[in-house]
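A short worksheet on the structure shown next.
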Amino acid sequence: MSSMSAIPTMSALASTSEILLAVENVTLRFGGVTAINGVSFDIRKGEIRAIIGPNGAGKTSMLNCINGFYHPQEGRITYKGETRQRMRPYVAASQGIARTFQNVALFKGMTTLDNIMTGRTLKMSANIFWQMLRLGPALADEIRHREYCEEIIDFLEIEAIRKTPVGRLPYGLQKRVELARALAMQPDLLLLDEPMAGMNLEEKQDMCRFIIDVNKTFGTTIALIEHDMGVVMDLSDRVVVLEYGRKIADGTPDDVKSDQKVIDAYLGVSH
Amino acid sequence: MGQFKTSYAKDMVIFPIRQDRIGVYLLLGFALVLLPLMMAFHVPPFRTDYFLLAILLPFLILSLAAIGVNILVGYCGQISLGSGAFMAIGAYMAYKFGTGISEIGLPPLPIVFAILLGGLSAAFFGVLFGLPSLRIKGLYLAVATLAAQFFFDWVFLRVKWFTNYAPSGSVSAPELKFFGYLVATPVEKYMVALIFVIVFALIAKNLVRGNIGRQWMAIRDMDIAAELMGIRPLVAKLSAFAVSSFIIGVAGALWAFLRLGTWEPLAFDINRSLELLFMVIIGGLGSILGSFLGAAFILIVPIFLTVLPAELGIPITTGTVSHLQNVIFGGMICCILIKEPLGFARLWQIGKEKLRMWPFPY
Chain A
205 MSSMSAIPTM
215 SALASTSEIL
225 LAVENVTLRF
235 GGVTAINGVS
245 FDIRKGEIRA
255 IIGPNGAGKT
265 SMLNCINGFY
275 HPQEGRITYK
285 GETRQRMRPY
295 VAASQGIART
305 FQNVALFKGM
315 TTLDNIMTGR
325 TLKMSANIFW
335 QMLRLGPALA
345 DEIRHREYCE
355 EIIDFLEIEA
365 IRKTPVGRLP
375 YGLQKRVELA
385 RALAMQPDLL
395 LLDEPMAGMN
405 LEEKQDMCRF
415 IIDVNKTFGT
425 TIALIEHDMG
435 VVMDLSDRVV
445 VLEYGRKIAD
455 GTPDDVKSDQ
465 KVIDAYLGVS
475 H
Chain B
9 MGQFKTSYAK
19 DMVIFPIRQD
29 RIGVYLLLGF
39 ALVLLPLMMA
49 FHVPPFRTDY
59 FLLAILLPFL
69 ILSLAAIGVN
79 ILVGYCGQIS
89 LGSGAFMAIG
99 AYMAYKFGTG
109 ISEIGLPPLP
119 IVFAILLGGL
129 SAAFFGVLFG
139 LPSLRIKGLY
149 LAVATLAAQF
159 FFDWVFLRVK
169 WFTNYAPSGS
179 VSAPELKFFG
189 YLVATPVEKY
199 MVALIFVIVF
209 ALIAKNLVRG
219 NIGRQWMAIR
229 DMDIAAELMG
239 IRPLVAKLSA
249 FAVSSFIIGV
259 AGALWAFLRL
269 GTWEPLAFDI
279 NRSLELLFMV
289 IIGGLGSILG
299 SFLGAAFILI
309 VPIFLTVLPA
319 ELGIPITTGT
329 VSHLQNVIFG
339 GMICCILIKE
349 PLGFARLWQI
359 GKEKLRMWPF
369 PY
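Have a look at this one:
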């Protein structure tokens, strides 16, 4: 592939820190459709990594591969130095990969607080008999994790809606609750699938602020998919560009912006 | 005058609103002390045992079964049409443990253990018949659980071991001795059922507001997201089947021992399953309170409709009454579900929210 040679060099900051996740030659097919075709890239610890591309480029499929929901037919994914072929989603979750969804995937019948508490599931240890009595370890669990969830509620400024069923919340707040739920998992790698989709300008600004804060305060590595180019270029340290399941560019926002292939992919090119 | 909480523990109690708490204490006091006293002294409406045996006792036991169904259907979102079968397993296995299993040299067990073991047996088969839920969802799962219903109807009718080879096919409950105390009168039966209901309702409430309950609801609301958050569908779904079937099984044993005394498999047929499902839907999916409200509605309204024409002196035959009862009852269910699809529990909640704001709606 000729595109590989054209990939710009990494930024100085990103290339110094260690690699958290490496995707090597991953190919994912659904029957006759090849959603991802031999894509390789890496995510370094502590960076904000954007995945962009036109609709149907395979961005969400890529995230689904990373957190074990899809199993690629070819290629390897190395996370924290551990290479894997297949993985169940809950294993990925227990290893510290959290995510939000393109179409909000909250638990509609539960309150904001319960949604966020669900993110703590993996950290709760009391067995079912203590939970029946709601005493001892079970009660201690509930209180300890409630305290942590309240910190996140505080961080994301959603105190007023903590007891509201999420189905009743406006879209922008639902997105924020979803971020809170993912943060409750204390992830090492946070995958955000279009966190700004369908938001107005102010909500987008809030969300940007939260993403940067999460990255800076908790040191969480973030991989995000986003269509708003302004947001992507401002937020991310490095950008990988997909088109029709192939990688066409990878590098700093400035490099990617001036890449001819990326411009062609987004603006179209006359053949 | 608001009510403020100063710790998370206080914020997380079952009834955070003081009025609710007082109401529940009053209700418990009424059910535990006043009602038995009224029964003992035959104060109206307890002049005869009818009110107690035909309404209160069935209400308590079916509420318990409805809580079990609600955990599975309302909290975990796995539709089940096999509840009747799990009641039957609870009843027959409690009977076997209560009368002793001679094949393995097991002597008759004390009645409380027999009932709990009946529940455990139901939990075991609940998990077994819950296995398809890992692959199929919704209506298809309903059909799979229907298989459990018909299978166990057949088993308890044909496999004579379960009935201790009784020629008539019907069995009678063993002597109801609870910790050496013989339970015989309706009032005593009521108290036994009440204590079981209180204990299991509390356990169910604790479970659904804890970690496991959140896992069930997460699976119900968005199973893919739940899995990506580290919830294992296998564990969550099968634990819901186990807990639900256990409670339904205990309710089945109580129904057989306390309410029926002598019973046949017909007592736990598909109609029972449907009745329990209706209770849960009308009362409120995903609500412990709703289980009680649903049970009360399904039980009491038909009785009320049957008695009403005679009380009003309307001259119609009993046949017409029973037909009319079906028509009116069906109509009421339709109206309620159109008006409030989330059931009585939701109505209660809306009322409470309105009252909290009253008289200033902001």
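Quick mapping for you: the protein sequence lines, in order, are chains A and B.
The number in our numbering is simply the position in the first sequence, starting from 1, with 204 added.
The number in our numbering is simply the position in the second sequence, starting from 1, with 8 added.
Virtual Cβ for every residue (Gly too), placed ideally from N, Cα, C.
Using DSSP bridges, identify the partner residues of residue i.
| i | result |
| --- | --- |
| residue 238 of chain A | A:233 |
| residue 185 of chain B | B:190 |
| residue 228 of chain A | A:280 |
| residue 271 of chain B | B:179 |
| residue 252 of chain A | A:426 |
| residue 447 of chain A | A:450 |
| residue 335 of chain B | DSSP, once it has assigned bridges, lists no residue as partnering residue 335 of chain B. |
| residue 114 of chain B | B:109 |
Among residues of its own chain, excluding the 5 on either side of residue i, which ones have a beta-carbon nearer than 7 Å to its beta-carbon?
| i | result |
| --- | --- |
| residue 250 of chain B | 131, 134, 135 |
| residue 215 of chain A | Because residue 215 of chain A carries a pLDDT of 42, less than 50, the predicted location of this residue cannot be relied on, and no value is offered for it. |
| residue 333 of chain B | 310, 313, 314 |
| residue 231 of chain B | 241 |
| residue 274 of chain A | 232, 265, 268 |
Tell me which same chain residues have a C-beta within less than 6 Å of the C-beta of residue i, skipping the five on either side of it?
| i | result |
| --- | --- |
| residue 326 of chain A | 298 |
| residue 387 of chain A | 356 |
| residue 418 of chain A | 424 |
| residue 182 of chain B | 106, 107 |
| residue 317 of chain B | 324, 329 |
| residue 223 of chain B | 239, 244 |
| residue 117 of chain B | 105 |
| residue 29 of chain B | 23 |
| residue 254 of chain A | 428, 436, 440, 443 |
| residue 389 of chain A | 302, 323 |
Please list, in chain order, the chain A residues whose beta carbon lies closer than 8 Å to that of residue i.
| i | result |
| --- | --- |
| residue 229 of chain B | 310, 311, 312, 313, 314 |
| residue 365 of chain B | Near residue 365 of chain B there are no residues of chain A at all, since even the closest Cβ is about 14 Å away, more than 8 Å. |
Which class does residue i belong to by DSSP, given the choice of helix, strand or coil?
| i | result |
| --- | --- |
| residue 364 of chain B | helix |
| residue 367 of chain A | coil |
| residue 441 of chain A | coil |
| residue 318 of chain B | helix |
| residue 454 of chain A | strand |
| residue 397 of chain A | strand |
| residue 242 of chain B | helix |
| residue 353 of chain B | helix |
| residue 153 of chain B | helix |
| residue 467 of chain A | helix |
| residue 227 of chain B | helix |
| residue 174 of chain B | coil |
| residue 308 of chain A | coil |
| residue 302 of chain A | strand |
Looking only at its own chain, which residues have a Cβ that is under 8 Å from the Cβ of residue i, when we skip the five neighbours before and after it?
| i | result |
| --- | --- |
| residue 373 of chain A | 316, 365, 381 |
| residue 149 of chain B | 86, 87, 88, 140, 141 |
| residue 399 of chain A | 304, 379, 383, 411, 415, 428, 430 |
| residue 222 of chain A | 248, 249 |
| residue 195 of chain B | 44, 47, 48, 60 |
| residue 239 of chain A | 232, 233, 262, 265, 449 |
What does residue i reach in chain A if we use C-beta pairs closer than 7 Å?
| i | result |
| --- | --- |
| residue 225 of chain B | 311, 313, 314 |
| residue 235 of chain B | 293, 294 |
| residue 240 of chain B | 294 |
| residue 16 of chain B | 347, 350, 351 |
| residue 214 of chain B | 335, 336, 337, 338 |
Under 8 Å Cβ-Cβ, which residues of chain B neighbour residue i?
| i | result |
| --- | --- |
| residue 380 of chain A | In chain order: nothing, as chain B lies at least about 16 Å away. |
| residue 298 of chain A | 238 |
| residue 318 of chain A | 222, 225 |
| residue 328 of chain A | 219 |
| residue 389 of chain A | 237, 238 |
Interface residues of chain B around residue i at Cβ under 7 Å?
| i | result |
| --- | --- |
| residue 322 of chain A | 222, 226, 237 |
| residue 342 of chain A | 218 |
| residue 303 of chain A | 236 |
Could you name the residues of chain A that residue i contacts, counting a contact when the two beta carbons are closer than 9 Å?
| i | result |
| --- | --- |
| residue 247 of chain B | 332 |
Please list, in chain order, the chain D residues whose beta carbon lies closer than 9 Å to that of residue i.
| i | result |
| --- | --- |
| residue 437 of chain A | Absence of chain D from the displayed structure is noted, the protein chains being A and B. |
Residue i touches chain B at which residues, Cβ-Cβ below 9 Å?
| i | result |
| --- | --- |
| residue 271 of chain A | 236 |
At a cut of 8 Å, does the region 182-189 of chain B reach the region 307-323 of chain A through at least three beta carbon pairs?
no
Could you say if the region 97-117 of chain B and the region 287-303 of chain B meet the contact criterion of at least three C-beta pairs nearer than 8 Å?
-> no
Three or more C-beta pairs under 8 Å: does that hold for the region 260-271 of chain B against the region 59-69 of chain B? yes
*Report yes or no: do the region 162-178 of chain B and the region 271-284 of chain B share at least 3 C-beta pairs separated by less than 8 Å?*
yes
If contact is defined by three or more beta carbon pairs under 8 Å, each pair taking one atom from either stretch, is the region 422-439 of chain A in contact with the region 327-344 of chain A?
no
Between the region 278-292 of chain B and the region 348-365 of chain B, can you find at least three pairs of beta-carbon atoms closer than 8 Å? yes
Q) For the region 287-296 of chain A against the region 250-266 of chain A, are there 3 or more C-beta pairs whose distance is under 8 Å? A) no
Report task. Evaluate contact between the region 220-229 of chain A and the region 264-283 of chain A, counting only Cβ atoms and requiring at least three cross-stretch pairs below 8 Å. Result -> yes
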